[in-house]
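Residue 834 is where the sequence shown starts when you use the numbering used here, and the numbers rise one by one after that. Read the structure below first, then the notes.
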Amino acid sequence: LQEKLLANYSSDIRPIRNQSEAMNISLSCTIEGVTDVNDVLQTVSLSIVLKLMWIDELLQWDRDDYGIEYITIPDSRRWTPKLMTLNSMNKRSIFSDETHPYLMSYEGKAEWLPATYFTIYCQLDMTNFPFDEQTCEFYILPIDFQTDQLTLYFENQPDLKILQENGEWDVVRLEGEELSSKSLSRQRLVVTITLKRRSTFMLLNVFLPVIVLSFLNVAVFVVPTNSG
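Have a look at this one:
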């Protein structure tokens, strides 16, 4: 079945029969963790899992003929959307592993769940430190295709279902928005994440030791020299 489906298949061409139409791709975004917030470099590092779904019109079959509902497509022979983060600090492509396999149904439904890690630029306001909140955005958009060729949309709002706690920061808000206009050659999705610093962490691990050391330094001049 796989060889028959891939006989005349090209991984370089959008898998739709009418190439003049736009291809629709749904995206879900799950934040796995906030791995670093660097106030000096003004960056935030995130670990996320994406779920992308689309219809591949060129990979469909009759399940009654083969008795097969799902197959896994080899990495080198499949089409996958190439996406980028507009404000990434370390790489152009959003995916750290584009060889992650995806599942294909007999109806042509492709489901791809790549995990990725990237660092984005974020203007951090430290005025209220250590009781500050920081709001950052990152943009997801196609690398190769314009709006009339490929349309991205959120399947549902970004979520925190598998979030691993960070000792210094809490994620207090997460929102997704679709941006599309005539002035934008490529449609884009924007994810807004708001972080709140755990002030107790800073007070116990930074300020309290400094205060204790300050008292000890003063005590040096108070304790008699012959006390040992």
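We put the CB at the ideal spot given by N, CA and C, even for glycine.
Handout entry: Unbroken beta strand (DSSP E) run spanning arginine 1030, endpoints
Key = 1021-1030
Exercise for the section: Can you tell me which of Leu919, Ile906, Pro975 puts its alpha carbon nearest to the alpha carbon of serine 843? Expected result: Comparing Cα positions, the closest option is Ile906.
Exercise for the section: Indicate the three-state DSSP secondary structure (helix, strand or coil) for glutamine 875 in the structure shown. Expected result: Three-state DSSP puts glutamine 875 in coil, outside helix and strand.
Exercise for the section: Report the partner residues of aspartate 1003 according to the DSSP bridge assignment. Expected result: Lys1029
Problem - Nonlocal neighbours in the same chain, by C-beta distance under 8 Å from tyrosine 950, ignoring five residues either side - result: Closer than 8 Å at the Cβ level, and outside the excluded window around tyrosine 950, lie Thr868, Ser878, Leu879, Ser880, Ile881, Ser929.
Practice task
Go to glutamate 970, then tell me how far its alpha helix (DSSP H) extends in each direction, as first and last residue.
Solution key: Per DSSP, glutamate 970 belongs to no alpha helix (DSSP H); it is in the beta strand (DSSP E), 966-975.
Practice task
Could you tell me whether the segment 972-988 touches the segment 996-1007, using the rule of 3 or more Cβ pairs below 8 Å?
Solution key: no
Exercise for the section: Might you give, ordered along the chain, the residues of its own chain that have their beta carbon closer than 8 Å to the beta carbon of isoleucine 927, omitting 5 neighbours on each side? Expected result: Leu883, Leu916, Met917, Thr918, Ser921, Thr949, Phe951, Ile973
Exercise for the section: Please indicate yes or no: does the CB of glutamate 854 lie closer than 7 Å to some heavy atom of the ligand PLP? Expected result: This structure does not include the ligand PLP; it has no bound ligands of any sort.
Handout entry: Distance CB(arginine 910)-CB(leucine 839) smaller than 8 Å
Key = It is a contact, given that the beta carbons lie within the stated cut-off.
Problem - Per DSSP, the bridge partner or partners of cysteine 862 - result: Leu883
Problem - Option nearest leucine 860 by Cα separation, candidates Thr960, Leu1022, Thr1027 - result: Leu1022
Handout entry: Coarse secondary structure for phenylalanine 1048, derived from DSSP in three states
Key = helix
Handout entry: Which residues DSSP lists as bridging tryptophan 945, in chain order
Key = Leu885
Problem - Same chain, Cβ closer than 6 Å to lysine 1029, neighbours up to 5 away in sequence not counted - result: Glu966, Asp1003, Val1005
Problem - Proximity below 8 Å, CB of tyrosine 903 to CB of methionine 959 - result: no
Problem - 6 Å Cβ shell around proline 914 - same chain, five flanking residues per side excluded - result: Ile858
Handout entry: For threonine 905, the residue or residues it bridges with in DSSP
Key = Leu936
Practice task
Specify the secondary structure class of glutamine 997 as computed by DSSP and reduced to three states.
Solution key: strand
Practice task
State buried or exposed for aspartate 845, treating a residue as buried only when at least 16 other CB atoms are found within 10 Å of its CB.
Solution key: exposed
Handout entry: Exposed unless 16 or more other CB atoms sit within 10 angstroms - verdict on glutamine 1020
Key = By the 16-neighbour rule on beta-carbons within 10 angstroms, glutamine 1020 is buried.
Exercise for the section: Kindly give me the distance between the Cβ atoms of proline 848 and tryptophan 912, rounded to whole angstroms, as I take these residues to be in contact under 8 Å. Expected result: 5 Å
Practice task
Please list, in chain order, all residues of the same chain as proline 991 whose beta carbon is under 6 Å from its beta carbon, the five residues on each side excluded.
Solution key: Same-chain partners within the cutoff: Cys862, Leu1007, Gly1009, Val1024.
Practice task
Please state if the CB of glycine 941 and the CB of glutamate 988 are separated by a distance shorter than 8 Å.
Solution key: Taking 8 Å as the Cβ cut-off, glutamate 988 and glycine 941 do not qualify as a contacting pair.
Problem - Cβ shell of serine 1018 (< 6 Å), same chain only, five flanking positions each side left out - result: Gln979
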